[in-house]
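Visitor: The structure's right below; bear with me while I get my questions together.
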Amino acid sequence: MSELCPPWAPFFGFAGVTAAMTMSTVGAAYGTSKAGIGIAGLGTFRPELIMKSLIPVVMSGIIAVYGLVVAVLISSSIGPNQPYSLFAGFIHLAAGSACGFTGLAAGYAIGIVGDACVRAYLNESRIFVAMVLILIFAEVLGLYGLIVALILNTSIGDMVC
Amino acid sequence: MVNAVATGKMAPQQGVQPAVLYKLILFAILMAVVPIGTYFGSLNYMWNGSTTYSAISAVVTANIVLVGYVVVAFEEEAAYNTTPAPPLLRKKEQ
Numbered sequence: 001m002s003e004l005c006p007p008w009a010p011f012f013g014f015a016g017v018t019a020a021m022t023m024s025t026v027g028a029a030y031g032t033s034k035a036g037i038g039i040a041g042l043g044t045f046r047p048e049l050i051m052k053s054l055i056p057v058v059m060s061g062i063i064a065v066y067g068l069v070v071a072v073l074i075s076s077s078i079g080p081n082q083p084y085s086l087f088a089g090f091i092h093l094a095a096g097s098a099c100g101f102t103g104l105a106a107g108y109a110i111g112i113v114g115d116a117c118v119r120a121y122l123n124e125s126r127i128f129v130a131m132v133l134i135l136i137f138a139e140v141l142g143l144y145g146l147i148v149a150l151i152l153n154t155s156i157g158d159m160v161c
Numbered sequence: 001m002v003n004a005v006a007t008g009k010m011a012p013q014q015g016v017q018p019a020v021l022y023k024l025i026l027f028a029i030l031m032a033v034v035p036i037g038t039y040f041g042s043l044n045y046m047w048n049g050s051t052t053y054s055a056i057s058a059v060v061t062a063n064i065v066l067v068g069y070v071v072v073a074f075e076e077e078a079a080y081n082t083t084p085a086p087p088l089l090r091k092k093e094q
């Protein structure tokens, strides 16, 4: 193995895969659970509003999908028979961490906003549009991390050992 | 002689309506399958192996599933508001 492609380079690549998948899932889990608390509260009084108030839960699911897509994207370029440079390992670590931690932030925001807005939706139905707008802005935070991960991934180029 | 719908056992006001459950299961399956399916499907057939474009397609289709869910949720609320209340059960026997 040369200096540019040491055998321990895939460690960083797989660390990026793990960071992308697990951190975004932690964010999505927090979003789902916190919004679910509010939905359970709303469901006891107005069960017909449950389908509309499940929107924060669906958006948390999308945050986890962002992490999944980046994890699959990174892991598809690491293999036992392909050369893998240390530069590529660092880039994949950065890409996975960017997607993962922004997903954590987005899921946190979706959870808190979903909980509060769903409880308020019980009393005031016009808060629904505001809730969807705030949720869209919260989800775009995760999308920014995915965009950075994609841009980083394309700057690897050819792996030269 | 006792109609399950009229006595309220399957009425929307009580318990779980099966149609709601089927919709939720459908969207759960869609959310799980559509993005990753789009990623792998478009990787070789649409973008000639470019992983960036197929990742973008996966994100776009995941958001399309979200928009579809919002539309279905709005339709369901509109249907709930326009259907008349079920008739009250009147005891015919004396």
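For the record, the sequence lines run as chains A and B.
UniProt numbering puts the first residue of the first sequence at 1, with every later residue one more than the last.
UniProt numbering puts the first residue of the second sequence at 1, with every later residue one more than the last.
Using N, Cα and C, we set each Cβ at its ideal position, and we do this for glycine too.
What in chain B is Cβ-close to residue 2 of chain A, meaning under 7 Å?
Guide: Ordered by position in chain B, no residue passes the 7 Å Cβ test against residue 2 of chain A, which lies about 25 Å from the chain.
Visitor: Does DSSP put residue 4 of chain A in a helix, in a strand, or in coil?
Guide: Coil at residue 4 of chain A, not helix or strand.
Visitor: Apart from the five residues just before and just after residue 161 of chain A, which ones in its own chain have a Cβ nearer than 6 Å to its Cβ?
Guide: Closer than 6 Å at Cβ, skipping near neighbours: 2, 4, 5, 83.
Visitor: Residues of chain B with CB under 9 Å from residue 52 of chain A, in chain order?
Guide: Within 9 Å Cβ-Cβ: 70, 73, 74, 76, 77.
Visitor: Sort A:14, A:10, A:28, A:18 by Cα distance to residue 106 of chain A and report the nearest one.
Guide: It is A:28.
Visitor: Can you confirm whether residue 144 of chain A, when its beta carbon is compared against all beta carbons of chain B, has any partner nearer than 8 Å?
Guide: Chain B contact via Cβ: absent.
Visitor: Using a C-beta to C-beta distance shorter than 7 Å, which residues of chain A count as neighbours of residue 62 of chain B?
Guide: Chain A residues near residue 62 of chain B: 62, 65.
Visitor: Are the region 146–153 of chain A and the region 93–101 of chain A touching by the rule of at least three beta carbon pairs closer than 8 Å?
Guide: Yes, since at least three Cβ pairs between the region 146–153 of chain A and the region 93–101 of chain A fall closer than 8 Å, the two stretches touch.
Visitor: Using the Cα positions of residue 17 of chain B and residue 48 of chain A, report the straight-line distance between them to the nearest angstrom.
Guide: Their backbone Cα atoms lie some 11 Å apart in a straight line.
Visitor: Is the beta carbon of residue 132 of chain A less than 8 Å from the beta carbon of residue 35 of chain A?
Guide: Cβ atoms of residue 132 of chain A and residue 35 of chain A: not closer than 8 Å.
Visitor: Count the other C-beta atoms from every protein chain shown that fall within 10 angstroms of the C-beta of residue 76 of chain A, then say buried if there are 16 or more, exposed otherwise.
Guide: Answer is exposed; the Cβ neighbour count stays below 16.
Visitor: Kindly confirm or deny that the region 44–51 of chain B and the region 63–79 of chain B touch, where touching means at least three C-beta pairs closer than 8 Å.
Guide: No, because fewer than three Cβ pairs between the region 44–51 of chain B and the region 63–79 of chain B fall closer than 8 Å, the two stretches do not touch.
Visitor: Does the beta-carbon of residue 153 of chain A have 16 or more other beta-carbons within 10 angstroms, so that it is buried, or is it exposed?
Guide: The residue in question, residue 153 of chain A, is buried, as its Cβ has 16 or more Cβ neighbours within 10 Å.
Visitor: Can you tell me whether residue 124 of chain A is buried or exposed? The criterion is at least 16 other CB atoms within 10 Å of its CB, across all chains shown.
Guide: Counting Cβ neighbours within 10 Å, residue 124 of chain A comes out exposed, since fewer than 16 surround it.
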